[in-house]
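Student:
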Amino acid sequence: MNFLAHLLLSGSPATTPDYADIVVGNFAAEAVRGRAALEAYPATVQRGIRLHRFIDSFTDQHPVVRRTTARLRAAGLGKWAGVVSDVGFDHLLARDFAHYHPEELLPQFAQRQYQLLHQRRHELPERLREMLHYMRQHDWLTGYAHPEGLHRALLGLSRRVPAAEVLATGAAAFLAALPAYEADFREFWPELRAGVELQTAI
Numbered sequence: 103m104n105f106l107a108h109l110l111l112s113g114s115p116a117t118t119p120d121y122a123d124i125v126v127g128n129f130a131a132e133a134v135r136g137r138a139a140l141e142a143y144p145a146t147v148q149r150g151i152r153l154h155r156f157i158d159s160f161t162d163q164h165p166v167v168r169r170t171t172a173r174l175r176a177a178g179l180g181k182w183a184g185v186v187s188d189v190g191f192d193h194l195l196a197r198d199f200a201h202y203h204p205e206e207l208l209p210q211f212a213q214r215q216y217q218l219l220h221q222r223r224h225e226l227p228e229r230l231r232e233m234l235h236y237m238r239q240h241d242w243l244t245g246y247a248h249p250e251g252l253h254r255a256l257l258g259l260s261r262r263v264p265a266a267e268v269l270a271t272g273a274a275a276f277l278a279a280l281p282a283y284e285a286d287f288r289e290f291w292p293e294l295r296a297g298v299e300l301q302t303a304i
């Protein structure tokens with residue numbers, strides 16, 4: 103899953119103990135590698151990092167997601183199918199945010215996340231501090247709701263990895279079989295949420 107899903111799965115200020123720390127850890131986890139880097143953070147932020155890793159592992163191993171990535175590989179995306187699946191699922195989550203998170207409008211949720219992360223930016227690895235600046239400036243989280251936002255996200259990734267041509271066409275491949283991916287996401291999301299709830303209750 104990509105940024106929007108990770109942030110939403112961090113919980114809520116009203117019900118999640120140490121919510122802000124969980125959000126910071128879940129976001130920072132993108133650039134935290136190794137035990138020493140993990141243990142440099144307070145225990146509550148470490149919980150957010152571990153939650154991020156759980157979400158990624160659960161997603162990668164889930165049979166529905168494997169079906170999704172197999173379909174994308176067959177469409178010519180090769181080993182980058184998982185990246186397109188992650189960003190594509192964020193597109194579907196953002197597009198139908200009122201269904202999956204009726205408590206809050208997507209723009210309100212996005213601004214709350216930007217504000218929290220900006221206030222705690224000194225705790226983020228440098229690469230993520232720089233990325234957060236552009237994320238806020240261009241409102242990535244809300245932008246995911248639109249097909250052009252999906253394309254823009256994958257185009258941005260294509261500038262940083264060797265598979266530029268593949269990722270640049272990823273949005274078109276995802277949108278070409280959209281009903282199938284919509285069905286996959288509707289099946290997968292409740293199971294991911296249930297897995298996260300079980301994990302955070304431990």
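If you read the sequence shown in this note's numbering, its first letter stands for residue 103, the second for the next number, and so on. All C-beta atoms, glycine included, are put in the ideal place defined by N, C-alpha and C. Just so you know, these numbers come straight off a predicted model, no measurement behind them.
Does DSSP put V134 in a helix, in a strand, or in coil?
Tutor: Your numbering for residue 134 matches position 32 in the sequence shown. Residue state, collapsed to three classes: coil.
Student: For H128, which residues in the same chain have their Cβ closer than 6 Å to its Cβ, ignoring the five residues on either side in sequence?
Tutor: Here residue 128 refers to the residue found at position 26 when the sequence shown is read from its first residue. Reading off the sequence, residue 128 comes out as Asn, not His. Hits under 6 Å: H108, S112, G150, L153 and H154.
Student: Tell me whether H164 sits in a helix, a strand or coil according to DSSP, three-state version.
Tutor: What you label residue 164 is simply residue 62 of the sequence shown in a count that begins at 1. In the structure shown, H164 sits in coil (DSSP, three-state: anything other than H, G, I, E or B).
Student: Can you tell me the Cα-Cα spacing of A130 and R137, whole angstroms?
Tutor: In the sequence shown, counting from the first residue as 1, residue 130 sits at position 28. In the sequence shown, counting from the first residue as 1, residue 137 sits at position 35. Whole-angstrom Cα-Cα distance: 14 Å.
Student: At which residues does the alpha helix (DSSP H) containing M237 begin and terminate?
Tutor: Position 135 of the sequence shown, counted from the start, is the residue given in the question as residue 237. Per DSSP, M237 belongs to the alpha helix (DSSP H) from E228 to H240.
Student: Classify G190: buried if its beta carbon has 16 or more other beta carbons within 10 angstroms, exposed otherwise.
Tutor: Looking up residue 190 in the sequence shown gives position 88. Counting the other CB atoms within 10 Å of its CB gives G190 a total of 16 or more, which places it among the buried residues.
Student: Alpha carbon to alpha carbon, what distance is there between L194 and E305?
Tutor: Residue 305 lies beyond the residue range present for the chain, which begins at 103 and ends at 304; the question has no answer from this structure.
Student: Quick check: V147 and V126, are their CB atoms within less than 8 Å of each other?
Tutor: Residue 147 sits at position 45 when you count from the first residue of the sequence shown. Residue 126 sits at position 24 when you count from the first residue of the sequence shown. Yes.
Student: Would you mind stating whether R229 and A133 have Cβ atoms separated by less than 8 Å?
Tutor: Your numbering for residue 229 matches position 127 in the sequence shown. Your numbering for residue 133 matches position 31 in the sequence shown. Against a cut-off of 8 Å, the Cβ pair of A133 and R229 comes out as a contact.
Student: Grouping DSSP H, G and I as helix and E and B as strand, with all else coil, what is S114?
Tutor: Residue numbering aside, residue 114 sits at position 12 when the sequence shown is read from its first letter. The answer is coil: DSSP assigns S114 none of H, G, I, E or B.
Student: Under 8 Å between the Cβ atoms of V268 and L179?
Tutor: On the sequence shown, position 166 is the one that residue 268 refers to. On the sequence shown, position 77 is the one that residue 179 refers to. Contact: yes.
Student: Using 7 Å as the cut-off, classify the Cβ of Q217 as near or not near the heavy atoms of the ligand MN, replying yes or no.
Tutor: In the structure shown, the ligand MN is absent, as is every other ligand, since no ligand is present at all.
Student: Taking R197 and Y216 to be in contact with their CB atoms under 8 Å, please state how far apart those CB atoms are, rounded to whole angstroms.
Tutor: Counting from one through the sequence shown, the residue named residue 197 turns up at place 95. Counting from one through the sequence shown, the residue named residue 216 turns up at place 114. So it is not a contact: roughly 20 Å between Cβ atoms.
Student: Judging by CA-CA distance, which residue of L277, L218, A255 and A275 is the nearest neighbour of D120?
Tutor: Counting from one through the sequence shown, the residue named residue 120 turns up at place 18. Selected option, being the one with the closest Cα: L218.
Student: Taking the straight line between their C-alpha atoms, what separation do you get for L252 and G272?
Tutor: Here residue 252 corresponds to residue number 150 of the sequence shown, with the count starting at 1. Here residue 272 corresponds to residue number 170 of the sequence shown, with the count starting at 1. Each residue's alpha carbon lies about 9 Å from the other.
Student: Between which two residues does the alpha helix (DSSP H) holding E205 run?
Tutor: In the sequence shown, counting from the first residue as 1, residue 205 sits at position 103. Where E205 is concerned, there is no enclosing alpha helix (DSSP H), given that its DSSP letter is neither H nor E.
Student: Look at the alpha carbon of A145 and the alpha carbon of E205, and state the distance between them as a whole number of angstroms.
Tutor: Reading the sequence shown from its first residue, position 43 is the one you call residue 145. Reading the sequence shown from its first residue, position 103 is the one you call residue 205. If you take the alpha carbons of A145 and E205, they lie about 29 Å apart.
Student: Taking only the alpha-carbon atoms, compute the straight-line gap between D123 and L226 and give it to the nearest angstrom.
Tutor: Walking along the sequence shown from the start, residue 123 turns up at place 21. Walking along the sequence shown from the start, residue 226 turns up at place 124. If I take the Cα positions, the gap works out to 11 Å.
Student: Pop quiz: Y246 and L106 are said to be a contact at Cβ under 8 Å. What is the actual Cβ separation, rounded to whole angstroms?
Tutor: Here residue 246 refers to the residue found at position 144 of the sequence shown. Here residue 106 refers to the residue found at position 4 of the sequence shown. Confirmed, Cβ separation roughly 6 Å.
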